Amino acid sequence: MDEALARISDGFDLLLHVTPVNREAAWQEFSRNGYDREVEFLYRPRTIDPDLMKRQLYAIRVEDIEDPTLADILAAKRNELDRQITLVADRNTPRFLLGSRQLFGDVEPELLTLAREILAHPGATPGTGSGTDMLDAATFARRAEEELAWYRQRDPSLATRVEVRDDIAGIMVSQGHFLIGSAVRVSADRVEAALAHEIGTHALTFHNGRRQPLRELQCGMAGYEPLQEGLAVLAEYLVGQLDGGRLRQLAGRVLAVSMISDGASFIDTFRALHREEGFAPQAAFLMTMRTYRGGGYTKDAVYLRGLMKLLELLGRGQELESLYVGKLSLEYLSLVEELRWRRILVPPVLLPRLFTRPATGSRRERLAQGLGVPDLLEEKT
């Protein structure tokens, strides 16, 4: 049953389905129109039949599983896949936003307060990029290949590929592979952070999850996104490249999700980010696009939420290495620990390269003392 659920999960990529393929053209049109007219986003054709996939999904009788721990985990995953398939079917309809809010949750008051605190902090200033070398897509891809070569020296079975693609606007990991948009340019002072985030977290947990007897740890437990993105952002901190500008970006994303959930229009949210919070026009547009794509994709709140909750866990003594056994959910960490104790799960095959760096040790010591997100703004990484 675990394998059957994993096959359905592998059969589609929600993020690719809701990511516009005309991001650059849309920005150019929005800019020409003086930032006051909404633009149309275009998407890839659907690659699945949602009705057929749901019939296959509910043919999997997880209720027949006798082990209560596994039954709980797999039932939650089936429910999540149902919601994700519905989102693919509801793309670009008013129903999409409601389904997205069900899947990712609304912005809780504590998270919105944290976001506003970051946006108001004098240390959270947007970077200008001036005087910084930029890597084009081909150069960045070569650097990613070098990173993967380091991991393959330790485990030759790592199957992650690097692909430079015209139909990708940014960078992402999909089905364990690292996809780079052909127009991407990465600041030299963010290269290590990007590699630690995408390869050292997303690709690694996919690979480690693949080695587990439960395939769900490869495709992601139900509700895995906050911990997964929290780990990815934490990796940026551990390599010394999580600056105030990046935290400000994550806070802006939370604000955008809060605004769309409260009924704000695309233009309202863009203006709040640009005019009130001081984001550059293109940065504000991209943040707004990410939130309004597909009809309202509210995942972007999970980055700051996940970092906040992960820091709390580490301050209470949570072991960091154990969180890399696969794509885990905060909600099910106690059940994962039970499965480890029962020797159903195996230790992670690969750990992030950053763990080998001397500076990482001192930063981890500070995390164990109970740092919060605002404390990271005070640090000189």
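Take the working numbering: the final residue in the sequence shown is number 1188, and no numbers are missing along the way.
Beta carbons are placed, not taken as given, at the ideal position from N, Cα and C, and that holds for glycine.
Keep in mind it's a predicted model, so treat the numbers as computed, not measured.
In the same chain as residue 1065, and ignoring 5 residues on each side of it, the C-beta atoms closer than 6 angstroms to its own belong to 914 and 919, in chain order. Scanning the stretch 1030–1060 from its first residue to its last, the whole alpha helix (DSSP H) runs of 4-plus residues come out as 1032–1045.
Residue pairing of residue 970 in beta bridges, as defined by DSSP: 986. Rounded to the nearest whole angstrom, the C-alpha separation of residue 1060 and residue 1107 is 6 angstroms.
In this structure, the beta-carbon distance from residue 1000 to residue 1043 falls below 8 angstroms. Each residue's CA atom was taken as its position, placing residue 931 and residue 1005 some 23 angstroms apart. Residue 1067 carries a helical assignment under DSSP once its states are collapsed to helix, strand and coil.
When 996, 1093 and 866 are compared, the shortest CA-CA separation from residue 1048 is found for 996.
Using a Cβ distance threshold of 8 angstroms, residue 1157 and residue 992 do not count as a contacting pair.
Per DSSP, residue 943 is one residue of the beta strand (DSSP E) stretching across 941–943. Around the Cβ of residue 899, a 10 Å sphere holds fewer than 16 other Cβ atoms; the residue is exposed. Taking 8 angstroms as the cut-off, the Cβ atoms of residue 812 and residue 867 count as close.
Under the 10 Å beta carbon count, residue 862 is surrounded by fewer than 16 other beta carbons and is classified as exposed. For the pair residue 1133 and residue 1056, the CB atoms are not nearer than the 8 angstroms cut-off. The three-state reading of DSSP puts residue 838 in helix, counting H, G and I together.
Ranking 977, 924 and 966 by CA distance to the CA of residue 1015 puts 966 first. By the Cβ criterion, the stretch 1159–1172 is not in contact with the stretch 1062–1081, since fewer than three pairs of Cβ atoms, one from each stretch, lie closer than 8 angstroms. As a beta-bridge residue in DSSP terms, residue 980 pairs with 985. Note: residue 994 is bridge-paired with 941 in the DSSP secondary-structure output.
For residue 824, the enclosing alpha helix (DSSP H) covers residues 821–825. Judged by beta-carbon spacing, residue 1131 lies beyond the 8 angstroms limit of residue 1028, meaning their Cβ atoms are not closer than that value.
Annotation for residue 1073: the continuous alpha helix (DSSP H) segment containing it runs 1073–1078. Assignment of residue 1143 by DSSP, reduced to helix, strand and coil, places it in the helix class. Residue range 1165–1175 is occupied by the alpha helix (DSSP H) that includes residue 1168. Sequence-distant partners of residue 944 (beyond 5 residues in either direction) whose C-beta falls short of 6 angstroms from its own C-beta, in its chain, are 971, 987, 989 and 991.
In this model, residue 1123 and residue 1111 are separated by some 19 angstroms (Cα to Cα). Residue 952 is positioned such that its CB atom lies closer than 8 angstroms to that of residue 969. Nearest to residue 910 by alpha-carbon distance, out of 917, 916 and 902, is 902.
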